[in-house]
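Written out below as structure tokens is the structure these notes cover.
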Amino acid sequence: MANGRFCFYLFIVIFLSGCSAFSVVSDYDQKYDFKSFQNYRWPVESEGIRKGDVLVENPLVYKRVQAAVNEQLRAKGFRLTGSENADFIVYTHAGVKKQKTYHNSFGVGVPYGPYRWYTPWWGPYGGYTFVSYYDEGSLVIDIIDARTKELVWRGVATRIVRDYRNAEDMQRDINEAVAKILENFPPGAEPEMK
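Okay, so the sequence shown: first residue is 1 according to UniProt numbering, each after it adds one.
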């Protein structure tokens, strides 16, 4: 019986560790022409950097995210520029939400009756509910048209938050999340080079 419980706990650990991969979604204005994008910039404080944002509260993490975004956009042919020449503005924000999930174990049915004699009735054995709590983090990258100031593209990566033992592991995960978010940007075409 102890072997059965060990296998159940092993399954839970494997299941939860499998959930640690990033879940990425993106959306965009389908009528917008992204082909004109060449230069970008980051917002200035007067443009509404959000107070209470996880990245604002952790400037070192914000710099890591910014560096990862710059690297990905540079690889796609975009150039970081001053505010007057930018075609689009890159906003990043992040948040953490408490989550919980329920895992039910229905156990194994065993025959029972008076004095443990066999009877045709089956009853539950060992069923219980296991509740796990975790923090779910989201990293959002918004692309804003610099002229109209309208959102034209958004990408979001979500994952269970980890504790990091060193900055290198954190940077590796940030790089992976940003690369996955920007994988489909710009939608439909590679940027033109002039």
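A virtual CB, placed ideally from N, CA and C, is assigned to each residue, including glycine. It should be emphasised that the depicted structure is a prediction, and the values quoted were computed from it without experimental measurement.
- Pairing Q38 with I89, the inter-Cα distance amounts to about 11 Å.
- If you draw a 10 Å sphere on the C-beta of L60, you find fewer than 16 other C-beta atoms in it, and that means exposed.
- Taking a cut-off of 8 Å on C-beta distances, the segment 20 to 36 does not touch the segment 65 to 81, as fewer than three cross pairs fall below it.
- In the three-state reduction of the DSSP assignment, R159 falls in the strand class.
- Sixteen is the threshold: since fewer than 16 other Cβ atoms of the shown chains lie within 10 Å of the Cβ of D27, the residue is exposed.
- A check of alpha carbon separations from D145 across Y40, N175 and L55 identifies Y40 as the nearest.
- Between H93 and D53, the C-beta gap is smaller than 8 Å, which places the two residues in contact.
- In the three-state DSSP reduction, A86 falls in the coil class, being neither helix nor strand.
- Per DSSP, the continuous alpha helix (DSSP H) segment holding R74 begins and ends at P59 to A75.
- Beyond the five residues adjoining it in sequence on each side, G155 comes within less than 6 Å, by CB distance, of S26, I141 and I181 in the same chain, given in chain order.
- Annotation: K97 to Q72 spans about 27 Å, alpha carbon to alpha carbon.
- For the pair N104 and A157, the Cα-to-Cα distance works out to about 28 Å.
- Apart from the 5 residues on each side of it in sequence, S23 sits with its Cβ closer than 6 Å to the Cβ of T158 in its chain, given in chain order.
- Between A68 and I174 the beta-carbon gap is near 5 Å, inside 8 Å, which marks them as a contact.
- In terms of CA proximity to V44, E84 leads the group V131, Y133, E84 and W153.
- Judged by DSSP in its simplified three-state form, V96 adopts strand.
- Counting the other Cβ atoms within 10 Å of the Cβ of R165 gives fewer than 16, which makes it exposed.
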